[in-house]
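Visitor: Below you'll find the structure I mean.
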Amino acid sequence: MNDQDPLALLLKKWRHQPREVPDFNRSVWARLQAKPATEDSSLPGRLLPFPLASTRWAMSVAASLLVLLSLAAGSGAAFAYESINRDERMASAYARTIDPLQMTSSHAHR
Amino acid sequence: MKRWLWPFGLALVAAVAAFAITRHCVDRSMPDEMTWLREEFALTPAQVTAIEQLNIAYEPICDDHCQRISSARRRLKTLEAAPNTPGAELAAAQTAWQGLCDECTTATRAHLEAVAAQMSPEQSKRYLELVGPKLTRRDLGKPFGLR
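Right, dumping it as structure tokens:
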């Protein structure tokens with residue numbers, strides 16, 4: 002952008018003139034009085050202790066904890082499921098290796 | 083309100099993914115059948131050797147049964163699919179199929195019992211109770227996919 006550029010010249014000359022709003026202050030106060038501040042009714046505000054609920058990271062911390070707990074719960078459930086069914090599944094797999102009717106039905110062979 | 087929904091959605095997805103991945107990993111770490119047999123029924127080295135010998139002896143019998151079952155199944159399918167198969171021929175093939183199923187289930191059961199006989203009485207009972215019901219039962223020995 003050089004000094005001869007019409008846009009550059011125009012921008013140099015341009016000054017913002019905010020529009021006067023005569024009752025701006027009054028209208029702001031009127032809106033504040035119409036809806037006064039209340040206690041934090043959000044979920045973390047109600048569930049978490051004040052210092053944690055008031056931090057800007059409360060949402061991120063709670064979401065991260067929730068995801069970590071879910072990961073642990075998912076893995077735990079899978080381990081429990083596998084340990085409960087392990088013998089049955091291994092017995093089925095073993096039976097398939099000695100039973101020709103099952104072998105030929107699944108196209109598998111020892 | 084929607085702002086509070088996405089962590090729960092993400093948590094649900096994480097839990098399902100963790101479940102699936104863990105199951106996949108556990109599946110991959112499953113032992114082979116002989117290792118499972120040795121560990122589950124606390125087999126001694128002598129018992130393992132004896133069972134391996136039984137498996138080696140059973141293998142050609144099993145191979146023979148597999149081949150005969152496959153060809154009998156194919157034959158039955160062909161006969162059932164053909165519109166003008168004589169009833170007597172179809173009945174003969176079905177009878178042969180039932181006879182073959184009987185022979186296979188008897189041989190499999192005999193092998194199962196021979197393996198069980200190598201174990202201690204308590205483990206033998208457990209083995210038969212656990213594996214016995216997993217074998218094809220005679221009444222289920224119908225050709226798969228056939229009406």
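Sequence lines, in order, name chains A and B.
Converting from the first sequence to the working numbering requires adding 1 to each position, the first position being numbered 1.
Converting from the second sequence to the working numbering requires adding 82 to each position, the first position being numbered 1.
Built from N, CA and C at the ideal position, the CB exists for glycine as well.
Note that the structure is a prediction, hence the values are computed from the model and not measured.
(1) Helix or strand or just coil, what does DSSP make of E21 (chain A)?
(2) Would you verify that the beta carbon of I138 (chain B) is, or is not, closer than 8 Å to some beta carbon of chain A?
(3) Whose CA, out of B:R155, B:D146, B:Q129 and B:S153, lies closest to the CA of Q200 (chain B)?
(4) So, at 6 Å on beta carbons, what are the nonlocal neighbours of L23 (chain B) in its own chain, with the 5 sequence-adjacent residues on each side left out?
(5) For A100 (chain B), return the contacting residues in chain A, with the cut-off set at a CB-CB distance below 8 Å.
(6) Judging by CA-CA distance, which residue of B:E195, B:L217 and B:A96 is the nearest neighbour of I133 (chain B)?
(7) I think Q187 (chain B) touches G75 (chain A), with their Cβ atoms under 8 Å apart; what is that distance to the nearest whole Å?
(8) With 9 Å as the limit, tell me which residues of the stretch 175-203 of chain B have their beta carbon closer than that to any beta carbon of chain A; keep them in chain order.
(9) At 8 Å on the CB atoms, spell out the chain A contacts of I151 (chain B), in chain order.
(10) Using the rule of at least 16 other Cβ atoms within 10 Å of the residue's Cβ for burial, across every protein chain shown, is A31 (chain A) buried or exposed?
(11) Return the CA-CA distance between S202 (chain B) and S93 (chain A), expressed in angstroms with no decimal places.
(12) Would you call H147 (chain B) buried or exposed, if buried means 16 or more other Cβ atoms sit within 10 Å of its Cβ?
(13) Of the residues A:D24, A:L33 and A:A64, which one's Cα is nearest the Cα of W88 (chain B)?
(14) Could you tell me whether the stretch 177-185 of chain B touches the stretch 79-91 of chain A, where touching means 3 or more Cβ pairs closer than 8 Å?
Guide: Working from what's here:
(1) One-based indexing of the first sequence puts residue 21 (chain A) at position 20. E21 (chain A) falls in the coil class under three-state DSSP.
(2) As a first step, residue 138 (chain B) is located in the second sequence; it is residue number 56 there, counting from the start. Output row for I138 (chain B): interface = no.
(3) Taking the second sequence and counting its residues from 1, one reaches residue 200 (chain B) at position 118. Among B:R155, B:D146, B:Q129 and B:S153, the Cα nearest to that of Q200 (chain B) is on B:Q129.
(4) Here chain B comprises residues numbered 83 to 229, so residue 23 (chain B) is not present and cannot be evaluated.
(5) Translated into positions along the second sequence, residue 100 (chain B) becomes position 18. Within chain A, the residues near A100 (chain B) are S71, L72, A73, A74, G75, S76 and A79.
(6) By 1-based counting over the second sequence, the position of residue 133 (chain B) is 51. When only C-alpha atoms are compared, the closest one is B:E195.
(7) To locate residue 187 (chain B), count along the second sequence from 1; it is residue 105. To locate residue 75 (chain A), count along the first sequence from 1; it is residue 74. The amino acid at residue 187 (chain B) is misidentified as Gln; the sequence shows Thr. Wrong, their Cβ atoms sit about 41 Å apart, outside the cutoff.
(8) Against chain A - using a Cβ distance shorter than 9 Å - the residues of the stretch 175-203 of chain B are C183, C186, T187, A189, T190, H193, L194 and V197.
(9) Residue 151 (chain B) sits at position 69 when you count from the first residue of the second sequence. Those are P101, L102 and T105, listed as they occur along chain A.
(10) Translated into the one-based positions of the first sequence, residue 31 (chain A) becomes position 30. Around the Cβ of A31 (chain A), a 10 Å sphere holds fewer than 16 other Cβ atoms; the residue is exposed.
(11) What you label residue 202 (chain B) is simply residue 120 of the second sequence in a count that begins at 1. What you label residue 93 (chain A) is simply residue 92 of the first sequence in a count that begins at 1. Going from the Cα of S202 (chain B) to the Cα of S93 (chain A) covers about 22 Å.
(12) Here residue 147 (chain B) is taken as the residue at index 65 of the second sequence, counted from 1. Per the 10 Å Cβ criterion, buried.
(13) In the second sequence, the residue the question calls residue 88 (chain B) occupies position 6. For the residues A:D24, A:L33 and A:A64, the minimum Cα distance to W88 (chain B) belongs to A:A64.
(14) no
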